[in-house]
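Residue numbers (my numbering): 731 to 811.
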């Protein structure tokens with residue numbers, strides 16, 4: 731799988747373990763917006779956006795892990811921390 735980060739921005743201070751929000755386009759053409767890159771005790775993970783009713787998108791663990799690697803690199807390149 732290949733993915734392209736379309737936009738990435740650091741999380742506001744006080745956002746807990748959220749490090750950045752980002753938009754991504756997968757090689758299939760699917761675009762996902764407002765994904766959250768979080769840092770936990772087991773490393774980085776990506777989660778889909780939420781609304782007042784709960785999760786709007788859920789990601790398979792393998793996809794979330796791949797996106798976390800890509801987003802972590804984008805965070806380092808764009809100075810988001």
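Glycine included, each C-beta is placed from N, C-alpha and C at the ideal position.
Since this is a predicted model, take the numbers as computed values, not measurements.
Around the C-beta of residue 749, 16 or more other C-beta atoms lie within 10 Å, and the residue is accordingly described as buried. Shown here, residue 744 sits in coil according to DSSP, grouped into three states, outside any helix or strand.
Membership of residue 762 in the beta strand (DSSP E) is indicated by the continuous run 761-770.
For residue 805, the enclosing alpha helix (DSSP H) stretches over residues 791-808.
Within the same chain, Cβ atoms closer than 6 Å to the Cβ of residue 800 are found at 733, the five residues on either side in sequence being excluded. Here residue 782 carries a coil assignment [DSSP, helix/strand/coil]. Take the alpha-carbon of residue 736 and the one of residue 753: they are about 5 Å apart.
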